[in-house]
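Chemist: Taken in sequence, the protein lines are chains A and B. FYI, the numbering used here numbers position 42 of the first sequence as 42, with every residue one higher than the one before it. FYI, the numbering used here numbers position 106 of the second sequence as 106, with every residue one higher than the one before it. Glycine residues also receive a C-beta, built at the ideal position from the N, C-alpha and C atoms. Shown below is the structure under consideration.
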Amino acid sequence: DAGITQSPRHKVTETGTPVTLRCHQTENHRYMYWYRQDPGHGLRLIHYSYGVKDTDKGEVSDGYSVSRSKTEDFLLTLESATSSQTSVYFCAISNDKNTGELFFGEGSRLTVL
Amino acid sequence: AQSVAQPEDQVNVAEGNPLTVKCTYSVSGNPYLFWYVQYPNRGLQFLLKYITGDNLVKGSYGFEAEFNKSQTSFHLKKPSALVSDSALYFCAVRDRRDSGGYNKLIFGAGTRLAVHP
């Protein structure tokens, strides 16, 4: 399995609180991604990174921000969590920007009450 | 816009029978196509991909997929299903012409495969 660690794996929080999810990789892959998984929607891309300090928005980026200060870490922040952000969040990495497959972490289940 | 459709929420198959999980796609140009599998409480695992060349692609665990450009389909198949194949399967696509795509994949909603003994 690819060396990808997500933390926390489970979190329950209240509406309006900030939340940060961390993705740590030991593969030295350049590209990192945050997806959310919801029933009926599959996986949808939130943000991605193509290098240290280089990030861009995905298809469902509203309400989320990211940061990548080191190759190995990619942080996803919900500045003020809402119930619609209750989801399972997956980090993925890739070493090929064109045709390479993605390697996924185990997921972080977030519940916003 | 790119999109992927998996028309079946669930597919039920008896162990030993062949299985097919359907996927159709829509892109402006030519596609790169992928299949992933997700076991309970796990992340997605790569199964196979179509980039170019032979329309029949072979992947992990005995799975294969056939790229059909005229029908814009990329169905996943296996000749003989195992109970251990029971999982959630996702088809994904990206447009080959999207040179700045940074491997951003568009996923279908997923199909749950249930293989019965």
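#1: Across the region 59 to 66 of chain A and the region 55 to 74 of chain B, are there enough close Cβ pairs to call them in contact, namely three or more that are closer than 8 angstroms?
#2: Take residue 41 (chain B) as the anchor and find which of A:9, A:80, A:112 and A:92 has the nearest alpha-carbon.
#3: Roughly how many whole angstroms lie between the Cα atoms of residue 41 (chain A) and residue 9 (chain B)?
#4: When the Cα atoms are used, what is the spatial distance from residue 14 (chain A) to residue 89 (chain A)?
#5: Could you check whether the Cβ of residue 46 (chain B) sits closer than 9 angstroms to any Cβ belonging to chain A?
#6: Kindly indicate which three-state DSSP category residue 54 (chain B) falls into: helix, strand or coil?
#7: List, in chain order, every chain A residue whose beta-carbon is nearer than 8 angstroms to that of residue 112 (chain B).
#8: With DSSP run on the structure shown, which of helix, strand or coil describes residue 49 (chain A)?
#9: Could you name the residues of the region 52 to 79 of chain B whose beta carbon sits closer than 7 angstroms to any beta carbon of chain A, in the order they occur along the chain?
#10: Compare the beta carbon distance of residue 78 (chain A) and residue 12 (chain A) with 9 angstroms and say whether it is the shorter of the two.
#11: Taking buried to mean at least 16 other C-beta atoms within 10 Å of its own C-beta, is residue 26 (chain A) buried or exposed?
#12: If contacts are defined as beta-carbon pairs under 8 angstroms, then residue 44 (chain B) and residue 74 (chain A) qualify, I think. What distance do you get, rounded to the angstrom?
#13: Just to make sure I have the definition right: I need the residues of chain A whose C-beta is within less than 7 angstroms of the C-beta of residue 108 (chain B). Which are they?
#14: Consider the Cβ of residue 4 (chain B): report whether some Cβ of chain A lies at a distance smaller than 9 angstroms.
#15: So, using beta-carbon positions, are residue 113 (chain B) and residue 11 (chain B) closer together than 9 angstroms?
#16: Give me the DSSP bridge partner(s) of residue 99 (chain A).
#17: DSSP state of residue 28 (chain B), grouped into three classes?
#18: Check whether the Cβ of residue 30 (chain B) lies closer than 9 angstroms to any Cβ atom in chain A.
#19: Taking residue 11 (chain A) as part of the beta strand (DSSP E), name the residues at either end of that continuous run.
#20: Taking residue 37 (chain B) and residue 49 (chain B) to be in contact with their CB atoms under 8 angstroms, please state how far apart those CB atoms are, rounded to whole angstroms.
Modeler: Judging by the given coordinates:
#1: Touching, no.
#2: Taking the first residue of the second sequence as position 1, residue 41 (chain B) is located at position 41. Minimum Cα distance to residue 41 (chain B) is reached at A:9.
#3: Along the first sequence, one-based indexing puts residue 41 (chain A) at 41. Along the second sequence, one-based indexing puts residue 9 (chain B) at 9. If I take the Cα positions, the gap works out to 11 angstroms.
#4: Looking up residue 14 (chain A) in the first sequence gives position 14. Looking up residue 89 (chain A) in the first sequence gives position 89. Cα to Cα, residue 14 (chain A) sits roughly 17 angstroms from residue 89 (chain A).
#5: Start at 1 with the first residue of the second sequence, and residue 46 (chain B) comes out as number 46. Yes, residue 46 (chain B) counts as interfacial toward chain A.
#6: The residue labelled residue 54 (chain B) in the question sits at position 54 within the second sequence. Three-state result, residue 54 (chain B): coil.
#7: Along the second sequence, one-based indexing puts residue 112 (chain B) at 112. Going along chain A, no residue has its Cβ under 8 angstroms from residue 112 (chain B), so there is no contact; the nearest lies around 11 angstroms.
#8: Within the first sequence, the letter at position 49 stands for residue 49 (chain A). Correct three-state label for residue 49 (chain A): strand.
#9: From the region 52 to 79 of chain B, no residue has a Cβ closer than 7 angstroms to chain A.
#10: Walking along the first sequence from the start, residue 78 (chain A) turns up at place 78. Walking along the first sequence from the start, residue 12 (chain A) turns up at place 12. Cβ atoms of residue 78 (chain A) and residue 12 (chain A): not closer than 9 angstroms.
#11: The residue given as residue 26 (chain A) occupies position 26 in the first sequence. So residue 26 (chain A) counts as exposed.
#12: Position 44 of the second sequence, counting from 1, holds the residue named residue 44 (chain B). Position 74 of the first sequence, counting from 1, holds the residue named residue 74 (chain A). Not really, about 17 angstroms apart at Cβ, beyond 8 angstroms.
#13: The residue labelled residue 108 (chain B) in the question sits at position 108 within the second sequence. Under the 7 angstroms cutoff, chain A gives 42.
#14: As a first step, residue 4 (chain B) is located in the second sequence; it is residue number 4 there, counting from the start. Residue-level contact by beta carbon holds for residue 4 (chain B) and chain A, with a gap shorter than 9 angstroms.
#15: The residue you call residue 113 (chain B) lines up with position 113 of the second sequence. The residue you call residue 11 (chain B) lines up with position 11 of the second sequence. Against a cut-off of 9 angstroms, the Cβ pair of residue 11 (chain B) and residue 113 (chain B) comes out as a contact.
#16: Taking the first residue of the first sequence as 1, we reach residue 99 (chain A) at position 99. In DSSP, residue 99 (chain A) forms no bridge with anything.
#17: Locating residue 28 (chain B) in the second sequence gives position 28, where the first residue counts as 1. For residue 28 (chain B), the three-state secondary structure derived from DSSP is coil.
#18: As a working note, residue 30 (chain B) is residue 30 in the second sequence. In terms of beta-carbon proximity, residue 30 (chain B) stays away from the interface with chain A, with every pair separated by 9 angstroms or more.
#19: Position 11 of the first sequence holds residue 11 (chain A). Residue 11 (chain A) -> beta strand (DSSP E) spans 10 to 13.
#20: Residue numbering aside, residue 37 (chain B) sits at position 37 when the second sequence is read from its first letter. Residue numbering aside, residue 49 (chain B) sits at position 49 when the second sequence is read from its first letter. Their Cβ separation, rounded to whole angstroms, is 13 angstroms, which puts residue 37 (chain B) and residue 49 (chain B) out of contact at 8 angstroms.
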